[in-house]
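Number of protein chains: 2
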Amino acid sequence: MTDLFLAHCRELIGADHVLTEDADVSPYLSDWRGRYMGRARAVLRPADPQQVAGLVQLCAAHRVPVVPQGGRTGLVIGSVPDESGRAVVLSLRRLNRIRAVDGINRTMTVDAGCILHDIQQAAGAAGMLFPLSLAAEGSCTIGGNLATNAGGTGVLRYGNTRELCLGLEVVTAQGELWNGLRGLRKDNTGYDLRDLYIGAEGTLGVITGAVLKLFPQPKAGITALVALGSCRDALALLKLAQETAGPTLTGYELMSDVCLRLVGKHFPNLPQPFPQTHPQYALLELSSHESEQHAVRLLEETIENALEAGLAQDAVVATSIAQSRALWAIREHIPLAQAADGKNIKHDISVPISRIADFVEKTDALLARAWPGVQVVCFGHLGDGNLHYNIAPPAGTPHEAFLAYQGDVNRIVHDSVADFAGSISAEHGIGALKRDELPRYKAQVELDLMRAIKAALDPLGIMNPGKIL
Amino acid sequence: MTDLFLAHCRELIGADHVLTEDADVSPYLSDWRGRYMGRARAVLRPADPQQVAGLVQLCAAHRVPVVPQGGRTGLVIGSVPDESGRAVVLSLRRLNRIRAVDGINRTMTVDAGCILHDIQQAAGAAGMLFPLSLAAEGSCTIGGNLATNAGGTGVLRYGNTRELCLGLEVVTAQGELWNGLRGLRKDNTGYDLRDLYIGAEGTLGVITGAVLKLFPQPKAGITALVALGSCRDALALLKLAQETAGPTLTGYELMSDVCLRLVGKHFPNLPQPFPQTHPQYALLELSSHESEQHAVRLLEETIENALEAGLAQDAVVATSIAQSRALWAIREHIPLAQAADGKNIKHDISVPISRIADFVEKTDALLARAWPGVQVVCFGHLGDGNLHYNIAPPAGTPHEAFLAYQGDVNRIVHDSVADFAGSISAEHGIGALKRDELPRYKAQVELDLMRAIKAALDPLGIMNPGKIL
Chain A
1 MTDLFLAHCR ELIGADHVLT EDADVSPYLS DWRGRYMGRA RAVLRPADPQ
51 QVAGLVQLCA AHRVPVVPQG GRTGLVIGSV PDESGRAVVL SLRRLNRIRA
101 VDGINRTMTV DAGCILHDIQ QAAGAAGMLF PLSLAAEGSC TIGGNLATNA
151 GGTGVLRYGN TRELCLGLEV VTAQGELWNG LRGLRKDNTG YDLRDLYIGA
201 EGTLGVITGA VLKLFPQPKA GITALVALGS CRDALALLKL AQETAGPTLT
251 GYELMSDVCL RLVGKHFPNL PQPFPQTHPQ YALLELSSHE SEQHAVRLLE
301 ETIENALEAG LAQDAVVATS IAQSRALWAI REHIPLAQAA DGKNIKHDIS
351 VPISRIADFV EKTDALLARA WPGVQVVCFG HLGDGNLHYN IAPPAGTPHE
401 AFLAYQGDVN RIVHDSVADF AGSISAEHGI GALKRDELPR YKAQVELDLM
451 RAIKAALDPL GIMNPGKIL
Chain B
1 MTDLFLAHCR ELIGADHVLT EDADVSPYLS DWRGRYMGRA RAVLRPADPQ
51 QVAGLVQLCA AHRVPVVPQG GRTGLVIGSV PDESGRAVVL SLRRLNRIRA
101 VDGINRTMTV DAGCILHDIQ QAAGAAGMLF PLSLAAEGSC TIGGNLATNA
151 GGTGVLRYGN TRELCLGLEV VTAQGELWNG LRGLRKDNTG YDLRDLYIGA
201 EGTLGVITGA VLKLFPQPKA GITALVALGS CRDALALLKL AQETAGPTLT
251 GYELMSDVCL RLVGKHFPNL PQPFPQTHPQ YALLELSSHE SEQHAVRLLE
301 ETIENALEAG LAQDAVVATS IAQSRALWAI REHIPLAQAA DGKNIKHDIS
351 VPISRIADFV EKTDALLARA WPGVQVVCFG HLGDGNLHYN IAPPAGTPHE
401 AFLAYQGDVN RIVHDSVADF AGSISAEHGI GALKRDELPR YKAQVELDLM
451 RAIKAALDPL GIMNPGKIL
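Written as structure tokens, this is what we have:
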């Protein structure tokens with residue numbers, strides 16, 4: 001019964017770290033966007049991987065579902081329990097040590113509960129770069145980043161979290177501790193378990209530690225905002241920038257005029273970069289390992305070529321760190337401005353980069369036909385083919401009322417994504433939020449393979465049930 | 001019975017492509033290094049993925065083991081059947097179409113049986129680069145590269161084959177065709193099946209197609225050979241080169257003086273780069289997206305810094321493509337010179353880059369204690385922590401006689417690799433060759449996870465049996 005299981009938990013990790021009072025438990029139950037609140041039998045706060053293993057063994061023995069949780073900043077209801085109250089939340093936040101930094105191997109070994117920002121800082125203190133960067137970096141944990149294969153603004157040059165990880169430590173669904181903390185660039189000795197746990201959202205086991213890749217710190221970064229006539233021109237500029245700037249191009253973000261106007265409306269103190277409005281804007285970030293002069297030269301070359309080719313309508317180059325921050329602030333304030341404007345229907349989609357303009361044109365038209373005047377707030381990581389394609393109601397329709405169409409809107413957008421051979425979750429994951437949509441967009445054979453793996457590695461079905469599958 | 005199964009095969013793919021005569025079959029049975037010859041019930045040569053699926057369905061129904069085969073250039077006896085004669089060889093060589101090239105998305109979709117060199121050429125013809133490059137590129141297939149997660153000389157900058165693949169098409173062990181040919185930089189919609197099949201050496205299914213990443217073609221490449229006092233100095237130079245040259249450093253190979261002398265002995269027509277001998281040599285390759293001048297400047301800066309720091313004893317910079325080829329030729333002739341010198345005991349190991357010098361020192365000493373005068377022919381991809389650490393007998397001991405100690409030599413080298421947290425197969429895979437060694441170096445929990453996955457995806461055990469597990 002309940003008491004026996006919790007008594008064992010208390011014995012293992014100390015009574016102070018087994019939370020059962022409502023007031024203590026509730027902060028662990030609600031999803032980041034505040035749309036969902038689950039229930040839990042308890043919150044368990046182990047101190048180290050061995051305690052995690054011991055707790056999962058207890059959960060397996062007592063058939064108690066386990067919901068691993070990091071910073072609880074996920075956007076797909078992946079790290080909070082369902083409403084049954086049967087599950088325990090396994091918080092990894094006390095596993096927060098940076099275990100080792102190796103300057104020659106360019107690796108850092110960390111606990112899963114380390115905050116991303118702390119990892120970035122530790123890399124910087126050692127004269128290196130950990131390039132994962134995203135809005136929640138001040139509170140998300142690396143374990144959560146790994147479990148969801150988080151993306152962010154550095155993917156164009158450095159890849160997703162998956163590409164930034166060399167090795168993992170994992171507690172299996174049986175409560176065994178697997179030490180896969182390898183710091184190797186090459187290792188072909190069997191199945192790639194690392195990449196199976198990465199992105200599995202805690203449904204196959206609990207990530208407790210990782211070996212991360214570090215990179216030489218660039219000597220200078222420089223930012224520009226280029227005004228463009230269309231999404232198609234933004235694609236042409238991306239190609240031109242990659243050819244001109246090569247590997248120094250580290251970021252390429254797209255924002256529509258709708259986005260800039262929203263930011264201007266809700267954050268009037270942020271400077272507006274251009275005197276006139278333009279249909280689209282691309283934010284370019286260049287990083288040089290040589291000098292600031294080098295980055296400036298390549299950026300100027302890129303912009304000159306774009307102006308000559310008739311691609312750019314206007315451009316501003318940040319000439320100071322403050323100006324660069326101001327340009328990025330516009331991009332970063334889009335989700336905040338949207339939230340201030342009222343609830344909207346969000347999508348995190350990707351298509352092949354070459355098809356983005358066609359996707360946007362076609363999907364805009366489909367939505368306008370269904371809801372004349374509908375507002376599309378489209379921005380994101382164009383260099384990765386990843387857009388946040390968010391939908392707000394036509395002027396005059398209350399935001400809350402429009403949410404009733406969420407299912408219909410999702411259907412139109414995601415069907416269109418499928419038509420363009422894209423993904424309905426580019427960087428956020430599936431969680432509970434998109435679980436029911438998955439069977440519509442995945443072939444039966446792929447779902448069968450996923451289910452076979454789930455059944456093989458978690459035969460009791462206790463790991464984060466109700467997520468993904 | 002035999003006849004019925006083969007009759008079905010003939011019906012499916014045509015009698016001409018079901019080979020059963022000894023003379024037709026035997027070219028498919030021997031391993032690349034000529035140490036092993038298996039037997040097969042037949043060789044099946046399907047024309048397309050649908051035929052592959054149909055054949056695997058037949059094999060599953062008749063419980064016939066399947067050995068997928070590409071260019072048969074693998075080095076660990078992974079693509080040839082065992083001696084039972086029960087298995088069929090499934091040759092992918094007729095699946096050799098380049099299906100599509102997308103210049104904006106920077107992707108190429110290919111059949112698994114495409115020759116690597118043909119893919120490189122097709123990328124070049126489209127003004128782009130497919131950076132996978134290895135000795136067997138003229139005859140290996142991309143399907144084999146994927147199945148073994150091949151490495152090569154471009155890993156430092158571009159990653160292993162795994163990092164160069166966005167999507168896969170696979171025939172499962174049940175003979176179902178999974179279309180995972182996604183050309184997406186970001187896709188977080190469930191378990192990472194792609195990376196599970198990559199590196200699985202055909203033991204979980206048959207790769208029939210892939211979406212590959214392409215890169216902008218560098219405008220210039222430049223090569224230098226730097227003479228060094230020790231392996232430790234080679235490590236310090238690597239760090240210095242990465243800091244000075246940043247992402248333009250695309251190759252960093254190590255060769256010992258023993259290697260250069262072997263090449264000089266067997267290929268006296270190749271120019272020797274230095275008037276004096278030095279303990280170690282590093283081959284540096286820089287690629288610039290800007291200009292040749294840019295690459296030259298960064299290379300000269302690197303070498304000047306290395307000379308000033310007392311790291312480099314001497315250096316030559318190639319000032320023409322012919323000179324660059326001559327420097328690479330030395331590196332590429334090491335395995336050939338070794339073969340000409342007589343059979344030796346090969347290892348394909350990796351350790352964390354920071355520990356390479358310690359590993360070499362310690363392992364050299366262990367071997368010298370066991371076999372005084374033993375020759376270590378050590379070279380490889382130092383930038384990836386991957387060495388080919390090959391052992392030849394002391395002068396006077398016949399090479400063939402020394403092979404009797406192969407098991408003892410492997411034990412010393414691989415135990416030492418394990419002491420340094422390394423891998424006993426960095427880029428070649430496990431195959432049948434290293435299968436029996438795996439349990440010594442993998443934890444039980446990892447082997448159990450691998451076996452659970454194998455049983456889940458290939459419950460009949462028909463996919464390339466006797467390989468890896």
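Chains as they are written, first to last, in UniProt numbering: chain A, 1 to 469; chain B, 1 to 469.
C-beta atoms are modelled at their ideal positions from N, C-alpha and C, and glycine is treated no differently.
Here His-266 of chain B carries a helix assignment [DSSP, helix/strand/coil]. As the crow flies, the alpha-carbon of Arg-369 of chain B is around 14 angstroms from that of Ile-391 of chain B. Residues Gly-71, Thr-73 and Ile-115 of the same chain have their beta carbon placed closer than 7 angstroms to that of Ser-139 of chain A, with the five preceding and five following residues left out of the count. Chain A places a beta carbon closer than 8 angstroms to that of Asn-179 of chain B, counting this residue as a contact. Under the DSSP assignment, Thr-302 of chain A falls in the alpha helix (DSSP H) whose first and last residues are 292-308. A straight line joining the alpha-carbon of Leu-6 of chain B with that of Met-463 of chain B spans about 18 angstroms. Under the three-state reduction of DSSP output, Val-66 of chain A falls in the strand class. Among the residues facing chain B, Pro-247 of chain A is included, as its CB has a counterpart in that chain under 8 angstroms away. For Lys-467 of chain B, the closest Cβ of chain A is not nearer than 8 angstroms.
Per DSSP, the continuous alpha helix (DSSP H) segment holding Gln-338 of chain B begins and ends at 321-341.
Residue environment: Asn-149 of chain A is assigned as buried (16 or more neighbouring CB atoms within 10 Å of its CB, all protein chains considered). Going by beta carbons, Leu-44 of chain A and Val-89 of chain A fall inside the 8 angstroms limit. At a cut-off of 8 angstroms between beta carbons, Ala-455 of chain A contacts chain B. For the set A:Met-255, A:Ala-224 and A:Leu-298, the Cα lying nearest the Cα of Thr-244 of chain A is the one of A:Leu-298. Counting along the chain, the unbroken alpha helix (DSSP H) around Cys-231 of chain A starts and ends at 231-245. Going by C-alpha positions, Met-128 of chain A is about 36 angstroms away from Gly-54 of chain A.
Contact note: Met-450 of chain B reaches chain A through Gly-190, Tyr-191 and Leu-193, using a C-beta cutoff of 9 angstroms and chain order.
In this structure, DSSP gives Ser-423 of chain A an extended state, which the three-state scheme calls strand. Of all residues in the region 342-373 of chain A, only Ser-350, Val-351, Pro-352, Ile-353, Ser-354 and Arg-355 come within less than 8 angstroms of chain B when Cβ atoms are compared, listed by chain position. Counting only residues of its own chain and dropping the five nearest sequence neighbours on each side, Glu-300 of chain B has a CB closer than 8 angstroms to the CB of Val-317. Each of A:Pro-279, A:Ala-47 and A:Val-296 was checked against the Cα of Ala-224 of chain A, and the nearest Cα belongs to A:Val-296. With a cutoff of 8 angstroms on beta-carbon distance, Ser-350 of chain B and Asn-386 of chain B are scored as near each other. Cβ atoms of Arg-451 of chain A and Leu-469 of chain A come within 8 angstroms of each other, at about 6 angstroms. Comparing alpha carbon positions, the residue from B:Phe-274, B:Arg-194 and B:Leu-336 closest to Val-170 of chain B is B:Arg-194. Straight-line spacing of the CA atoms in Ala-122 of chain A and Ala-100 of chain A works out to 10 angstroms. Excluding the 5 residues flanking it on each side, Cys-259 of chain B has same chain C-beta neighbours closer than 7 angstroms at Ile-334, Val-377 and Phe-379, in chain order. DSSP lists A:Val-66 as the bridge partner or partners of Met-463 of chain A. Between Ala-418 of chain A and chain B, the shortest Cβ-Cβ separation is not below 8 angstroms. His-289 of chain A belongs to the set of residues whose beta carbon lies under 8 angstroms from a beta carbon in chain B. Leu-366 of chain A: member of the alpha helix (DSSP H) spanning 356-370, first to last residue.
For Pro-216 of chain A, the residues of chain B that pass the 7 angstroms Cβ criterion are Gln-242, Glu-243 and Gly-246, in the order they occur in the chain. In this structure, DSSP gives Gln-217 of chain A a state outside helix and strand, which the three-state scheme calls coil. Spanning the alpha carbons of Ala-432 of chain A and Ala-421 of chain A requires a straight line of approximately 23 angstroms.
DSSP places Val-76 of chain A in no beta strand (DSSP E); its state is neither H nor E. With a threshold of 8 angstroms between beta carbons, Lys-213 of chain A makes no contact with chain B. One thing to note: Pro-49 of chain A has its Cβ within 8 angstroms of the Cβ of Leu-177 of chain A.
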